[in-house]
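Trainee: Just passing along the structure, written as structure tokens.
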Amino acid sequence: MGRRPCCDKLGVKKGPWSAEEDKKLINFILTNGHCCWRAVPKLAGLLRCGKSCRLRWTNYLRPDLKRGLLSESEEQLVIDLHARLGNRWSKIAAMLPGRTDNEIKNLWNTHIKKKLLKIGIDPVTHKPMDQQESPIASQSTVTAESRSDDQLQSQENEGQIPSCDNTSATEASSNAGSTDPPISHLWEENSPVLLDELWQFPSSEDDYSSVVITGQMPWDDEGSCEWLLDYQDFGVGDFGSENLDGERSRNGMPSR
DNA sequence: AACTAGCACAACCGCCGATAT
DNA sequence: CATATCGGCGGTTGTGCTAGT
Numbered sequence: 001m002g003r004r005p006c007c008d009k010l011g012v013k014k015g016p017w018s019a020e021e022d023k024k025l026i027n028f029i030l031t032n033g034h035c036c037w038r039a040v041p042k043l044a045g046l047l048r049c050g051k052s053c054r055l056r057w058t059n060y061l062r063p064d065l066k067r068g069l070l071s072e073s074e075e076q077l078v079i080d081l082h083a084r085l086g087n088r089w090s091k092i093a094a095m096l097p098g099r100t101d102n103e104i105k106n107l108w109n110t111h112i113k114k115k116l117l118k119i120g121i122d123p124v125t126h127k128p129m130d131q132q133e134s135p136i137a138s139q140s141t142v143t144a145e146s147r148s149d150d151q152l153q154s155q156e157n158e159g160q161i162p163s164c165d166n167t168s169a170t171e172a173s174s175n176a177g178s179t180d181p182p183i184s185h186l187w188e189e190n191s192p193v194l195l196d197e198l199w200q201f202p203s204s205e206d207d208y209s210s211v212v213i214t215g216q217m218p219w220d221d222e223g224s225c226e227w228l229l230d231y232q233d234f235g236v237g238d239f240g241s242e243n244l245d246g247e248r249s250r251n252g253m254p255s256r
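Under UniProt numbering, residues 1 to 256 are what the first sequence spells out, in order.
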């Protein structure tokens, strides 16, 4: 069966997000949470498709994201997990608090892969390319084929997967506002009270998958987001986005 | 100073599985 | 059961930046 595009191609903006768009998305999600991504752009006054909003949020705007280079232990963990799981980036990312699958995938393709090749390890099989053991190879020679998901799952449940060092986890929790300049200013503009109320950050020991939105969301009562859909017919202009392009040019954002 | 190549990473595309109708 | 829709995932691309020449 033919799938329809996730959104109308016409009138949907693509390319890099402007600060204005980021702000709108953050404000909307902090206020309402995200129920159905498809409805988010319309309700937030964004000329984007829901998929794009979700990606932007999960990969860049989420408050629990840790930014910057991977620590040594994180990198080793990625290598180890890749040896077990292969290119299942989302699974790998789930084991690294504050990191996204996209980030890890990028890091793998740009840094780690080359690093492994440099020391003679095949990044696909995690075996020495010359069939000689090397110190790192001995840590990472367990291939994806040799371990089942169930085994891994049980390991996860039993907490046997090595976790990152406390330093990085602490960094993550203290990084709620993100130290990345372009993003941090967006968070600073939001009420700290609102942020504190909405997000509970785990302690350094906790898994970030347990991060929860604690604020009362509009659909909490009903367990439904139908009210959102009632607003779908609102024009984008109703939310004041007609000046997006103006903002963009004022911010010096390139128009692609 | 100008040009080029390589790097880093944000974002897009297309597919898949789950769920709803 | 068939089809439609959605969220999520992994692969790939595009663009800005930086280092090297």
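We treat Cβ as the ideally placed atom computed from N, Cα and C, and that holds for glycine.
In the structure shown, what three-state DSSP assignment does residue 269 receive?
Mentor: What is shown of the chain runs 1 to 256, which leaves residue 269 out entirely.
Trainee: Touching or not, the stretch 84-102 and the stretch 63-74, by the rule of three or more beta carbon pairs under 8 Å?
Mentor: Yes: the two stretches touch, three or more of their Cβ pairs being nearer than 8 Å.
Trainee: Taking the alpha carbon of V12 as the reference point, which residue from P41, T125, N87 has its own alpha carbon closest?
Mentor: The residue given as residue 12 occupies position 12 in the first sequence. Among P41, T125, N87, the Cα nearest to that of V12 is on P41.
Trainee: Work out the CA separation of L43 and L229 for me, nearest whole Å.
Mentor: Against the first sequence, residue 229 aligns to sequence position 229. Against the first sequence, residue 43 aligns to sequence position 43. Note that L229 scores a pLDDT of 43, beneath 50, so its modelled location is shaky; the value from the coordinates is reported in the next line. C-alpha separation (whole angstroms): 9 Å.
Trainee: Taking E75 and I112 to be in contact with their CB atoms under 8 Å, please state how far apart those CB atoms are, rounded to whole angstroms.
Mentor: Along the first sequence, one-based indexing puts residue 75 at 75. Along the first sequence, one-based indexing puts residue 112 at 112. Confirmed, Cβ separation roughly 6 Å.
Trainee: From the DSSP output, in three-state form, read off P128 for me.
Mentor: Locating residue 128 in the first sequence gives position 128, where the first residue counts as 1. Note: P128 maps to strand in three-state DSSP.
Trainee: Between G177 and M129, what straight-line distance do the alpha-carbon atoms span, to the nearest angstrom?
Mentor: Locating residue 177 in the first sequence gives position 177, where the first residue counts as 1. Locating residue 129 in the first sequence gives position 129, where the first residue counts as 1. Low per-residue confidence applies at G177: pLDDT is 39, beneath 50, and the placement is therefore not dependable, though the value from the model is reported in the following sentence. C-alpha separation (whole angstroms): 43 Å.
Trainee: Just to confirm the assignment, what range does the alpha helix (DSSP H) spanning I112 have?
Mentor: Here residue 112 is taken as the residue at index 112 of the first sequence, counted from 1. From DSSP, I112 is part of no alpha helix (DSSP H); its letter is neither H nor E.
Trainee: Excluding the 5 residues flanking L65 on each side, which residues of the same chain have their C-beta closer than 6 Å to its C-beta?
Mentor: On the first sequence, position 65 is the one that residue 65 refers to. G98.
Trainee: Taking DSSP as the reference, what is the three-state secondary structure of I79?
Mentor: In the first sequence, the residue the question calls residue 79 occupies position 79. Three-state result, I79: helix.
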